[in-house]
Amino acid sequence: MFFRTSRPWQARESQVTPKGLFLNRRKIIASGGALALSGLAACEAETASQPSGGAASGSRPTSGALDYRGTAYDVADTQTPYPAVTGYNNFYEFGVGKDDPARYADAMTTDPWSIEVEGHAGRTGRFALEDVVDFSNLEERIYRLRCVEAWSMVIPWIGVPLAQVLAAFEPTSDARYVQFETKLDHDEMRGTRFRVLDWPYVEGLRMDEAMNELAFLAVGLYGEVLPNQNGAPVRLVVPWKYGYKSIKSIVKIRFVSEQPETSWNRSAPREYGFYSNVNPNRAHPRWSQASERVIGGNVFARRDTEMFNGYAEQVAHMYAGMDLIENH
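According to UniProt numbering, the sequence shown holds residues 1 to 328 in order.
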């Protein structure tokens, strides 16, 4: 989708990274030995026919560069360097250290990959990823990522609008929420051998949130297939919410009528709410959310946190009349 009107979170033309510089940087990354997906074989999953109305097409690359088009979704902030984006991660399925995902996530099998769809929808079943995501129609969106730990990045994601994918499953009027689930494999995901959380990891959105124009399913970053540590082969990106809402390595989508459980809310409800909208006015019980550390910048680099991470114009209407301190 292309936009002709200026949005407050869009960069001016002079602030967008020149394509030549971006492509040259990608070559440098590749020559430097950037992580690629392992492409390990897995048992073939029985799959349902692809959903109608948003038929996915195009072969699914499992490593290297992706074909995609640019969009007007951009921000004025400097993009976070690739080594930081791929080397500083929270993905507790591989360990609680920030470098654990980069060290251990290559053990995860990502090809083949299927997503099971359940609940209040006209089309349910198990679908191959390439029948869910149209790899011939990918787009780039450069979004801010704000972690609940008060640090932030700016990442150029490659993927498709979440609304496009969900609509193809024909959710019914009873589908008021959608829940997502991460892969669980104790052999491949060493962190799941410990009860850090109640596995598998689950997250959820209200349907209006899921259908918002900003909600995105990413299959790549910096022009290439997602590294395993960043949530390969498909992850959610919800830029107005704290990072843990952007669930990684999705294997299930459930359309439900009641607010679903989410992993961090279940683990510590006082600290992590269901909505988890970025809100500088609501402190975490153990630290302020008024500002954030900018990853990839000077060690002392900080910026003031914006309401809804700077995306208020696109999302604030969904929370009109709500107490966003209480409904966190």
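Every residue, glycine too, gets a C-beta built ideally from N, C-alpha and C. All figures in this text were calculated on a predicted structure; none of them were measured in a lab.
So is Arg69 buried or exposed if we call it buried at 16+ other beta carbons inside 10 Å?
Working through the sequence shown from its first residue, we reach residue 69 at position 69. The residue in question, Arg69, is exposed, as its Cβ has fewer than 16 Cβ neighbours within 10 Å.
Reference Ser152; option with closest CA among Asp106, Ile295, Asn327:
Indexing the sequence shown from 1 puts residue 152 at position 152. Measuring from the Cα of Ser152, the nearest candidate turns out to be Ile295.
Nearest-angstrom Cα distance between Pro280 and Thr110?
Translated into the one-based positions of the sequence shown, residue 280 becomes position 280. Translated into the one-based positions of the sequence shown, residue 110 becomes position 110. Whole-angstrom Cα-Cα distance: 36 Å.
Determine the DSSP secondary structure at Thr192, reduced to helix, strand or coil.
As a position in the sequence shown, residue 192 is number 192, starting the count at 1. Here Thr192 sits in helix by DSSP.
Indicate the three-state DSSP secondary structure (helix, strand or coil) for Lys183 in the structure shown.
Here residue 183 refers to the residue found at position 183 of the sequence shown. The answer is coil: DSSP assigns Lys183 none of H, G, I, E or B.
Mind reading off the beta-carbon distance from Gly159 to Val219? Whole number of angstroms is fine, and I expect it under 8 Å.
To locate residue 159, count along the sequence shown from 1; it is residue 159. To locate residue 219, count along the sequence shown from 1; it is residue 219. The pair is a contact, with the Cβ atoms about 5 Å apart (cut-off 8 Å).
Is the CB-CB distance between Asn309 and Tyr275 below 9 Å?
The residue you call residue 309 lines up with position 309 of the sequence shown. The residue you call residue 275 lines up with position 275 of the sequence shown. No; because the gap between Cβ atoms is not below 9 Å, this pair is not in contact.
Looking at the strands, I want to know which residues DSSP matches up with Asn277.
Here residue 277 corresponds to residue number 277 of the sequence shown, with the count starting at 1. As DSSP reads the structure, Asn277 sits in a beta bridge with Lys241.
Out of curiosity, what's the CA-to-CA distance linking Pro200 and Ile115?
Counted from its first residue, the sequence shown places residue 200 at position 200. Counted from its first residue, the sequence shown places residue 115 at position 115. So the two alpha carbons sit approximately 15 Å from each other.
Pull up the CB-CB distance for Phe91 and Gln229, whole angstroms please, since I reckon it's below 8 Å.
Along the sequence shown, one-based indexing puts residue 91 at 91. Along the sequence shown, one-based indexing puts residue 229 at 229. Confirmed, Cβ separation roughly 6 Å.
Enumerate in chain order the residues of its own chain whose CB-to-CB distance from Leu40 is below 6 Å, with the five nearest sequence positions on each side excluded.
Start at 1 with the first residue of the sequence shown, and residue 40 comes out as number 40. Note that Leu40 scores 23 on pLDDT, short of 50, meaning its location in the model is unreliable; the coordinates nonetheless yield the value given after this. Hits under 6 Å: Thr109.
Helix, strand or coil at Pro81 according to DSSP, with G and I counted as helix:
Numbered from 1 along the sequence shown, position 81 holds the residue referred to as residue 81. Reduced to three states, the DSSP call for Pro81 is coil.
Write down every uninterrupted run of the beta strand (DSSP E) in the UniProt domain "Oxidoreductase molybdopterin-binding" (109–264) whose length is 3 residues or greater and which is fully enclosed by it, in chain order.
114–119, 125–128, 139–146, 151–161, 177–182, 202–206, 216–221, 235–237, 250–256
Helix, strand or coil: how does DSSP classify Glu326 here?
Counted from its first residue, the sequence shown places residue 326 at position 326. In this structure, Glu326 counts as coil in the three-state DSSP scheme.
Boundaries (first-last residue) of the beta strand (DSSP E) holding Val294:
Position 294 of the sequence shown holds residue 294. Taken as a continuous stretch (DSSP letters only), the beta strand (DSSP E) holding Val294 covers 291–294.
Burial state of Thr78, where buried means 16 or more other Cβ atoms lie within 10 Å:
Locating residue 78 in the sequence shown gives position 78, counting from the first residue. Here Thr78 is exposed. Its C-beta has fewer than 16 other C-beta atoms within 10 Å.
Which class does Asp100 belong to by DSSP, given the choice of helix, strand or coil?
Counted from its first residue, the sequence shown places residue 100 at position 100. Asp100: helix per DSSP, three-state reduction.
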